[in-house]
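Chains as they are written, first to last, in the working numbering: chain A, 1 to 222; chain B, 1001 to 1222. All residues carry an ideal CB built from backbone N, CA and C; glycine is no exception. Just so you know, these numbers come straight off a predicted model, no measurement behind them. Have a look at the structure below, then the notes.
Protein chains: 2
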Amino acid sequence: MGNTVGGVGVLDKAIDVLAALELQPRSLSELVVVTGLPRATAHRLATALEQHGLVRRDGDGRFMLGTRLLSLGQAAAETWPLATAAAVPLATLRDETGESVQLFVRDGEERVCIAALQSLHGLRTIVPLGARLPLSAGSAARVLTEDVGAIGEWAQSVGEREAGVASVSAPVRDSGGRIVAAVSVSGPIERTTKQPGKRYGAFVVNAARQIEVNAGLRGAGA
Amino acid sequence: MGNTVGGVGVLDKAIDVLAALELQPRSLSELVVVTGLPRATAHRLATALEQHGLVRRDGDGRFMLGTRLLSLGQAAAETWPLATAAAVPLATLRDETGESVQLFVRDGEERVCIAALQSLHGLRTIVPLGARLPLSAGSAARVLTEDVGAIGEWAQSVGEREAGVASVSAPVRDSGGRIVAAVSVSGPIERTTKQPGKRYGAFVVNAARQIEVNAGLRGAGA
DNA sequence: AGTTTGTGTCTCACATAATGGGACGCTAGT
DNA sequence: ACTAGCGTCCCATTATGTGAGACACAAACT
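Structure follows, in structure tokens:
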């Protein structure tokens, strides 16, 4: 049940355990129900993961994600120099627009959010760090799939990926002009209007420029 | 070699692979050298991890940490509500002092850094997110081990955990008065002087208060 | 008191599932 | 053409993880 063809069995199960703990801490019995593993197996895997620091336990003995994932997650984030270069520009973009902002990169046939800040409004869009979204919908998707300069300065979408949500995205290019990422602003249509590009386009483009500068991509380009 | 007594073999090796990729991307052959695994095994584990998104590959086929670790790391960070509550107070503390700042919690017989910001100076102390430090040295260690109110407002240490480094820490308490975390400022003795508490004590204590407020810990307490 | 049901933990005979030497196809360098 | 190095894949072998079941303990029953 649920093992990939060429997979390594133990690993599949171990990662099932981590996935089960991603949402909330769980007792062993809960873990058994959620993962569908036999009790002895779930216990052995969870304690093995614990020895490696990927899992830890609270006072009641419940399992939860461990400290090792902090450092690994940190290290993973650092493999995209863009993410750190984008921290400040994204913050100002969020403050300028008041809406949630994200940085996406293409990964295979999906796009991944490698940096995000949330709107301060009560009603806001949330795109968690590491989220994998389709390349088929959303303004960021359009930016990432348009290989060359077919798009203008920015792209917008209204209720495309999710009902009631509009977004504006601008490409981040390397010195050769290739699109390496997309900066996005997204929020409820009620606030962004149906022409979000008019309100936010300039801000988003500006943030993209800043990211290029911070990442040292602006050098030899045209 | 290097397998813990009660451990799960495959997991040990798989995590060795992740650890090897933590510092830098590596080709398969490099991976073999670093981990000491047979080529076929290293390859199988790395590709298995890739299927789960814990590992991805760059254009040259080299392995590096994957996007899944972003979301897991994020989820792990959220298991300490303190970490998010501390984000803003830590930033202001860093700006006020100009030095690196950290938030530590006790975990067994060690302490773990669950939030950190680095000094902007060229010479600075670095404590990476998720780092595990001893409970036997450093001002933060003293704060975390002193169970009740034996310490004053803050604790300081000079060249205790590491030569040339001084630090000041203040406890973060819950509504019952129990110490749940320690906020620290640390930097080279040359800048902090040998009485860092005099310079930074008030700031650190203030940051600790702010964190308590943000985390909703200040309610019923004395 | 006793009993039942729920924990988490550990063992151990068994066969599944991971192993790794070696083969294969590839590109780059000589 | 030859060599050297790479990533990938196969498959006989057996080491390895497996999981039903036993165990200890605690809480909530009767």
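Comparing the C-beta of residue i with each C-beta of chain A, is any distance below 8 Å?
| i | result |
| --- | --- |
| B:Ala1231 | What the structure shows of chain B is the stretch from 1001 to 1222, and residue 1231 of chain B is not part of that stretch, so it cannot be assessed. |
| B:Arg1114 | For the sequence presented, residue 1114 of chain B should be read as Ile rather than Arg. Chain A contact via Cβ: present. |
| B:Arg1132 | yes |
| B:Thr1004 | Below a pLDDT of 50, predicted positions are generally treated as unreliable, and B:Thr1004, at 38, falls in that range; the measurement from the model is reported next regardless. At least one chain A Cβ lies under 8 Å of B:Thr1004. |
Along chain A, which residues have their Cβ under 8 Å away from the Cβ of residue i?
| i | result |
| --- | --- |
| B:Asp1107 | Arg56, Thr67 |
| B:Thr1035 | Going along chain A, no residue has its Cβ under 8 Å from B:Thr1035, so there is no contact; the nearest lies around 15 Å. |
| B:Thr1079 | Pro25, Met64, Leu65 |
Using the beta-carbon count (16 or more within 10 Å), is residue i buried or exposed?
| i | result |
| --- | --- |
| B:Ile1015 | buried |
| A:Thr67 | buried |
| B:Ile1114 | buried |
| A:Gly216 | exposed |
| A:Gln195 | exposed |
| B:Ala1181 | buried |
| B:Pro1171 | buried |
| A:Gly71 | The question names Gly, yet the displayed sequence has Ser at residue 71 of chain A. Result: buried. |
| B:Ile1211 | buried |
| A:Ala140 | buried |
| B:Leu1120 | exposed |
| A:Ser29 | exposed |
| A:Glu190 | exposed |
| A:Ser157 | buried |
| B:Gln1074 | buried |
| B:Ala1131 | buried |
| B:Ser1136 | exposed |
| B:Ala1163 | exposed |
| A:Gln24 | exposed |
| A:Glu109 | exposed |
| B:Thr1193 | exposed |
| B:Val1101 | buried |
| A:Leu21 | buried |
| A:Pro89 | buried |
| B:Leu1049 | buried |
Show which residues of chain B have a CB atom less than 7 Å away from the CB atom of residue i.
| i | result |
| --- | --- |
| A:Glu50 | Those do not exist, as A:Glu50 stays about 11 Å from chain B at its closest Cβ, beyond 7 Å. |
| A:Ala75 | Glu1022, Leu1065 |
Is it the case that the CB of residue i approaches a heavy atom of the ligand SAH more closely than 7 Å?
| i | result |
| --- | --- |
| B:Pro1134 | Of ligands this structure carries none, so the ligand SAH is not represented either. |
Can you pull the chain B neighbours of residue i, defined as C-beta to C-beta under 8 Å?
| i | result |
| --- | --- |
| A:Leu135 | By Cβ distance, chain B contributes nothing, its closest Cβ being about 14 Å from A:Leu135, past 8 Å. |
| A:Val8 | Val1010, Ala1014, Arg1044, Leu1045, Ala1048 |
| A:Ala170 | Here the premise fails: no neighbours, minimum Cβ distance about 22 Å. |
Check whether the Cβ of residue i lies closer than 8 Å to any Cβ atom in chain B.
| i | result |
| --- | --- |
| A:Ser71 | yes |
| A:Ala20 | no |
| A:Gly59 | no |
| A:Ala220 | Note that A:Ala220 scores a pLDDT of 43, beneath 50, so its modelled location is shaky; the value from the coordinates is reported in the next line. No, A:Ala220 does not count as interfacial toward chain B. |
Give the interface partners of residue i over in chain B, defined as CB-CB distance under 9 Å, in chain order.
| i | result |
| --- | --- |
| A:Arg178 | Simply none; closest approach about 12 Å. |
At a CB-CB cut-off below 7 Å, which residues of chain A make contact with residue i?
| i | result |
| --- | --- |
| B:Ile1211 | Neighbours of B:Ile1211 on chain A: none; closest Cβ ~18 Å, over 7 Å. |
Can you check DSSP and say which residues form a bridge with residue i?
| i | result |
| --- | --- |
| A:Gln102 | A:Ala116, A:Ser184 |
| B:Asp1107 | B:Glu1110 |
| B:Arg1173 | B:Ile1179 |
| B:Arg1132 | B:Val1112 |
| A:Leu65 | A:Val55 |
| B:Arg1026 | B:Phe1063 |
| B:Ala1166 | B:Val1158, B:Gly1187 |
Using a beta-carbon distance cut-off of less than 7 Å, what residues from the segment 117-128 of chain A approach chain B? Pro128
Please identify, using Cβ separations under 8 Å, the residues of the segment 1086-1105 of chain B that lie next to chain A, in order along the chain. none
For the segment 178-208 of chain A, which residues have a beta carbon sitting closer than 8 Å to at least one beta carbon of chain B? none
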